Amino acid sequence: AQSVAQPEDQVNVAEGNPLTVKCTYSVSGNPYLFWYVQYPNRGLQFLLKYITGDNLVKGSYGFEAEFNKSQTSFHLKKPSALVSDSALYFCAVRDIGGGKLIFGQGTELSVKP
Amino acid sequence: NAGVTQTPKFQVLKTGQSMTLQCAQDMNHEYMSWYRQDPGMGLRLIHYSVGAGITDQGEVPNGYNVSRSTTEDFPLRLLSAAPSQTSVYFCASSYSGFSSYNEQFFGPGTRLTVL
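Protein chains in written order, with our numbering: chain A, 14 to 126; chain B, -2 to 112.
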């Protein structure tokens, strides 16, 4: 069965430092992987996706994610965090053969000045 | 484009009441879906539709009904509300098919409390 795990409920980072939000997945075939961000009292916004090709995917707001097939991971990264990046981040996976979009439980990112 | 819109933003129901959560999109998307968001559980798929006249169940469909008479609208009906249905509900849409790689666009959500 498909699944995605975000091992950290919360990540705390100082402004200007690099940030990483972790995600691991389990699918039967090749995955489609997504990252979404949710600001307080808002809907989810798409950040980036991996379908195929380069393992480093660049997305919105300076975020990028690294796909690692051997480690079945898709970690979200940003070189220099901003206070405005504080939000809830969701990783999601869809099996390339078809199937529902499965979300992780979310990671709360807090960036302090 | 308004994108994906949802009404109401907030709703309080008593146990046993019924109601309909409205969702509309103006992007001509084929695929629409309903999720519920509960703390520590991420988003769980309730029902989805791959086009007008076609709906199917997601992960947690019990207690909810949907229909898709037009491309634009995808209402979610709570038949007899229960406290376990207290949650935040999100509608989402995307360009095509159930198994496509297109990202989904989300509405702002409806916060539902069932007393």
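Glycine residues also receive a C-beta, built at the ideal position from the N, C-alpha and C atoms. Predicted model only: the values in this text are computed from it and were never measured.
Under the rule that a run must span 4 or more residues, no alpha helix (DSSP H) segment is found entirely inside the segment 5 to 66 of chain B.
One alpha carbon belongs to T120 (chain A), the other to G37 (chain B), and they sit about 9 angstroms apart. For F103 (chain B), the chain A residues whose C-beta falls within less than 9 angstroms of its own C-beta are Y49, Q51, R55, G56, L57, Q58 and F59, listed in chain order. C-alpha of D67 (chain A) to C-alpha of T17 (chain B): approximately 44 angstroms in a straight line. Boundaries of the beta strand (DSSP E) around V111 (chain B): T107 to V111. Contact with chain B is absent for G42 (chain A), since none of that chain's Cβ atoms lies less than 8 angstroms from the residue's Cβ. Inter-residue distance for A21 (chain B) and N(-2) (chain B) is about 12 angstroms (C-alpha atoms, whole angstroms). Distance from A14 (chain A) to T37 (chain A) at the Cβ level is roughly 15 angstroms; contact not present, criterion being Cβ atoms closer than 8 angstroms. By a beta-carbon distance limit of 8 angstroms, G75 (chain A) does not contact K62 (chain A). Their separation comes to about 16 angstroms. Nearest CB-CB separation between G37 (chain B) and chain A: below the 8 angstroms threshold.
Check the Cα spacing between T83 (chain B) and each of B:T2, B:K6 and B:L10: the tightest is with B:L10. Bounds of the beta strand (DSSP E) holding F87 (chain B) are S84 to S91. Under the DSSP definition of a beta bridge, A(-1) (chain B) lacks any partner. Sorting B:P5, B:Q34, B:L109 and B:Q101 by C-alpha distance to the C-alpha of S46 (chain B) places B:Q101 at the top. Note on geometry: alpha-carbon atoms of Q19 (chain B) and S83 (chain A) lie some 43 angstroms from one another. The residue from B:V63, B:G50, B:H26 and B:Q34 with its alpha-carbon nearest to that of H44 (chain B) is B:V63.
DSSP, read as helix, strand or coil, puts S41 (chain A) in coil. One finds Y98 in chain B with Cβ atoms closer than 8 angstroms to the Cβ of Y45 (chain A), taken in chain order.
Q51 (chain A) sits away from A105 (chain A), with the two beta carbons spaced by 8 angstroms or more.
Relative to the Cα of R41 (chain B), the nearest Cα in the group B:V111, B:N25, B:G50 and B:C88 belongs to B:C88.
Exposed is the label assigned to V96 (chain A), since fewer than 16 other Cβ atoms lie within 10 Å of its Cβ.
Residue-level contact by beta carbon fails for F71 (chain B) and chain A, as no gap is shorter than 8 angstroms. Chain B places a beta carbon closer than 8 angstroms to that of Q118 (chain A), counting this residue as a contact.
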